Structure formats: C-alpha cells, structure tokens
Amino acid sequence: MTLHTYLLFVFASVVLALVPGPDMVYMLARCIAQGRRAGILAALGLNAGAYVHLSAAVLGLSAILAASSVAFTAIKWAGAAYLIYLGIGALRSKGGPRVISGAGGRTGRTIFWQAFWGDVLNPKVAVFFLALLPQFVDPHTTHPTLQILLLGVTVNMICLPINIVLVAFSARVTQALRGNESLSRWLQRGMGALFVGLGVRLAVEKS
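Each residue of the sequence shown is one higher than the one before, starting from 2 at the first, in my numbering.
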C-alpha cells in the first residue's frame, strides 16, 4: 500500500464519517435530548463497537456474513429490534431526559453500551468494513491482514474526533431547549420515535 493510496483512504474516511446514518442519528439524538456528555458517551460506544466489526473483518467473519443471507438477515432483525426496544423505552419514560453532567453513573454506562450494541448489531457496518477496506489493500504484499488492520484503525480514529466535534456543536445549539422541562419531555419522545422509526426502516429495508 503506497502513501498515495493511504491518503486517498483517509480522505474517503473523512467523507464517509460526515455522511448521516443510523449511528450518527442515535449519537446526535442522545446529545440533543440529554446533553454533550451523553453524546460523547454515545460516540465512544459507537467507536468501540466499530472495533468489533474490524476484528470480524480481520478474522474473516465479515466475509461469512456477506455470503450468508440468513446470517445477514438475522443480524439485521436483531439490530432493528434493539433500536425499537430503545425507542419504546424512551417513549414510555414519564420524566424528561436527564442531562448527563457528572462523571460515571449508571445512566452514562447505559448510553455507552446501548451505542456499542447498536453499532455491533448493525450489519451494514460489517459490510462497510468488508467492502471498503480491501479496495485499498495491496494483495501482492506478504501481510494483507496488517494492511486491513491499519486501515480499520485509521477509519475508527478519524470517525471519533469528527463525532465529538458534531456532538459539541449540537450540544451548544440545543442547550436552551434542554433547560425547558416541557420541551425536554418532547425531545425525549422525539428521540424515542426516531429510534423506533430507524428500527422499522432497518427491518423492512432490502438487504
């Protein structure tokens, strides 16, 4: 893999990181409803989940997933069910969303793990690693697996700071909205409806 090829991959990764998708929507929805810390925790959870897909790609599991329509469909439905579950939980919540401002806490851990599993159960992320990374790997080298690993770590390291910048901007813009209890409750319900919608869209979307 030449330096030119690697820089081209870096550019492609930046563009892809800025394209809205279910993960970005989840992260920004958490941020808008619950504040900057919630958004950052969601970003960290999504980034950690991406390393699971990278590990699967390196081990060849992503190839099995792409080749098996049954496996793809099963994971797609699991991801859709999880999003709908999160959405229904948010819709049923009686109180407004609590801003995550302190360090640690059960709520913070919940946001992190929800984001993590939401990313792990998203089959399109696995297909992304399978489809994109090999395009930049030189098959004539003796260690193509190391190239895949380098590219995967690169895209994850690019996506994390971009997501944090998006969270910071979103939190600043919506801070006043979260200070209003009535609007806060509607933000919570809007977040829940959004998650349900994403889950249904993922479930009915053709693979």
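For every residue, glycine included, the Cβ atom is placed at its ideal position computed from N, Cα and C.
What you are looking at is a predicted structure, and each value in this text was computed from that prediction instead of being measured.
Cβ separation of residue i and residue j, assumed to be a contact under 8 Å, to the nearest whole Å
{"i": "Leu55", "j": "Gly153", "result": "4 Å"}
{"i": "Phe130", "j": "Ala58", "result": "4 Å"}
{"i": "Trp114", "j": "Gly22", "result": "Going by Cβ atoms, the distance from Trp114 to Gly22 rounds to 20 Å, so no, they are not a contact pair."}
{"i": "Phe10", "j": "Phe170", "result": "That pair is no contact at about 26 Å."}
{"i": "Val197", "j": "Gly88", "result": "3 Å"}
{"i": "Leu92", "j": "Arg190", "result": "6 Å"}
Proximal residues to residue i (C-beta, below 8 Å), its chain only, five neighbours per side dropped
{"i": "Arg31", "result": "Ala39, Gly40, Leu42, Ala43, Ile112, Ala116, Met192"}
{"i": "Leu19", "result": "Ile163"}
{"i": "Val126", "result": "Asp24, Gly50, Ala51, His54, Asp120"}
{"i": "Gly90", "result": "Gly193"}
{"i": "Met28", "result": "Gly40, Ala43, Ala44, Leu47, Ala116, Asn164, Leu167, Val168"}
{"i": "His144", "result": "none"}
Candidates the options: closest to residue i by CA position
{"i": "Pro162", "options": "Ser14, Arg202, Leu60", "result": "Ser14"}
{"i": "Ala81", "options": "Trp118, Ala91, Leu151, Leu17", "result": "Trp118"}
{"i": "Leu4", "options": "Gly90, Trp78, Leu151, Leu122", "result": "Leu151"}
{"i": "Ser69", "options": "Val128, Gly90, Leu60, Val26", "result": "Val128"}
{"i": "Val71", "options": "Pro124, Leu29, Gly61, Tyr27", "result": "Pro124"}
{"i": "Gly61", "options": "Leu134, Thr155, Val26", "result": "Leu134"}
Own chain partners of residue i with C-beta closer than 7 Å, once the 5 adjacent residues on each side are dropped
{"i": "Tyr52", "result": "Asn157"}
{"i": "Ala172", "result": "Cys32, Gly36, Arg37, Gly40"}
{"i": "Asn48", "result": "Asn157, Cys160, Leu161"}
{"i": "Thr146", "result": "Val59"}
{"i": "Trp187", "result": "none"}
{"i": "Leu8", "result": "none"}
Any non-hydrogen atom of the ligand NAD within 8 Å of residue i CB
{"i": "Ala49", "result": "Ligands are entirely absent from the displayed structure, and the ligand NAD is therefore not among its contents."}
Spatial neighbours of residue i in its chain, beta-carbon cut-off 6 Å, leaving aside the 5 residues before and after
{"i": "Ile209", "result": "There is no way to answer for residue 209, as the model of the chain reaches only from 2 to 208."}
{"i": "Val16", "result": "none"}
{"i": "Val205", "result": "none"}
{"i": "Thr155", "result": "none"}
Within-9 Å CB hit, residue i to chain C
{"i": "Leu29", "result": "Of the protein chains in the structure, only one exists, and it is not chain C."}
Which full runs of the alpha helix (DSSP H) of 4+ residues lie inside the region 32 to 62, going along the chain?
-> Correct list: 37 to 60.
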